[in-house]
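The next block holds one structure in the form of structure tokens; read it before the comments.
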Amino acid sequence: MAEPLVIRRLDFLGGLATPGGWRPPLSLPEVAFAGRSNVGKSSLLNRLMRRKSFARVSNTPGRTREINFFQVNDQFILADLPGYGYARVSKSQRETWRPLIEGYLRETPTLAGVVQLLDVRHDPTADDRRMLEFLGELGVPTIVVTTKIDKLKPREVDARVAAICAMLGLDVEQVVPFSAETGAGRDDLAEALEQVIAAPDWRAGEGAVAEGDVEAAP
Ligand SMILES: Nc1nc2c(ncn2[C@@H]2O[C@H](COP(=O)(O)OP(=O)(O)O)[C@@H](O)[C@H]2O)c(=O)[nH]1
Ligand SMILES: [Mg+2]
3 MAEPLVIRRL DFLGGLATPG GWRPPLSLPE VAFAGRSNVG KSSLLNRLMR
53 RKSFARVSNT PGRTREINFF QVNDQFILAD LPGYGYARVS KSQRETWRPL
103 IEGYLRETPT LAGVVQLLDV RHDPTADDRR MLEFLGELGV PTIVVTTKID
153 KLKPREVDAR VAAICAMLGL DVEQVVPFSA ETGAGRDDLA EALEQVIAAP
203 DWRAGEGAVA EGDVEAAP
């Protein structure tokens, strides 16, 4: 079978630093990647894209607090969200991600889906839960990825994924176990991404009235 999501072209478009600030024009469907700092997001993106450019661009000082946009294959836009929950910054600094990320997610009409990363070894943090709750309320299609599975034995991975699902009320089928180290899960994630990008607009139902629902005027 052909490899899903072969990366032929990758363009860095720029970064969104403050809520309502500059962002690339709304054109292609967007998929955002979220997770706490150190969860393995840069490593996952490098593995997914088979490129080193994410680590280089998104980890440049000053860019780590921004939402960095990449255009992939002239097919979709990837939004790399700032990692949250970093312990070594002040509480006020820590809280700046929330309006930036939540504003972006709420106000991007072309948002097709979100990939939420969780470290397979750890229970979800309060920030993780809040993020997932926000995504659930928004109703955006969400792919949950558990990272760093190479750090556990295969049997332990299944048990940890089941435990995380139980804690969050997720279905095991919604979760993609992943390792940037071995590449496990790369193609599963790529396939899930392609589905989310191709799916009809999840916001279309909002306020729309199907013809059959309209009652004849008396
Ligand atoms: N063993 C292992 N280590 C990983 C994996 N993904 C990331 N790491 C390590 O975890 C640390 C944080 O990774 P990074 O991708 O920079 O996380 P980010 O802060 O979410 O972008 C680094 O030391 C990585 O080498 C993985 O799949 N397996
Ligand atoms: Mg990173």
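Count along the sequence shown starting at 1, add 2, and that's the number in our numbering.
Don't be surprised by glycine CBs; every beta carbon is placed ideally from N, CA and C.
Burial check for residue 82: the Cβ neighbour count within 10 Å reaches 16 or more, so the residue is buried. Each of 66, 123, 64 and 12 was checked against the Cα of residue 181, and the nearest Cα belongs to 123. The Cβ atoms of residue 37 and residue 170 lie no closer than 9 Å to each other. In this structure, residue 164 lies away from residue 5, with their beta-carbon atoms at least 9 Å apart.
By the C-beta density criterion, residue 155 is exposed, having fewer than 16 other C-beta atoms within 10 angstroms. From the listed residues 84, 145, 54 and 55, the smallest Cα separation to residue 68 is found for 84. One thing to note: residue 106 has its Cβ within 9 Å of the Cβ of residue 21. Under the Cβ criterion (8 Å, minimum of three pairs), the stretch 50-62 does not count as touching the stretch 137-146. The stretch 172-196 contains no complete alpha helix (DSSP H) run of 4 or more residues.
Each of 161, 111, 129 and 53 was checked against the Cα of residue 74, and the nearest Cα belongs to 53. Annotation: residue 185 to residue 49 spans about 7 Å, alpha carbon to alpha carbon.
Burial is judged here by how many other beta carbons sit within 10 angstroms of a residue's own beta carbon; residue 24 has fewer than 16 and is exposed. Straight across, the Cα-Cα distance linking residue 115 with residue 35 is about 9 Å. For the beta strand (DSSP E) assignment, the uninterrupted runs of no fewer than 3 residues enclosed by the stretch 83-147 are, from N- to C-terminal side, 113-121. Secondary structure note for residue 206: it is in no beta strand (DSSP E), with a DSSP letter that is neither H nor E. Remark: the C-beta of residue 163 is outside contact range of ligand 1, defined as less than 8 Å to any heavy atom. Beta-bridge analysis with DSSP links residue 73 to 13 and 79. Per the DSSP secondary-structure output, residue 33 pairs in a beta bridge with 80 and 115. Boundaries of the alpha helix (DSSP H) around residue 160: 156-170.
Under DSSP, no beta-bridge partner is assigned to residue 46.
Within the DSSP secondary-structure output, residue 149 pairs in a beta bridge with 121.
In this structure, DSSP gives residue 53 a state outside helix and strand, which the three-state scheme calls coil.
Between ligand 2 and the CB of residue 54, the shortest heavy atom gap is not smaller than 8 Å.
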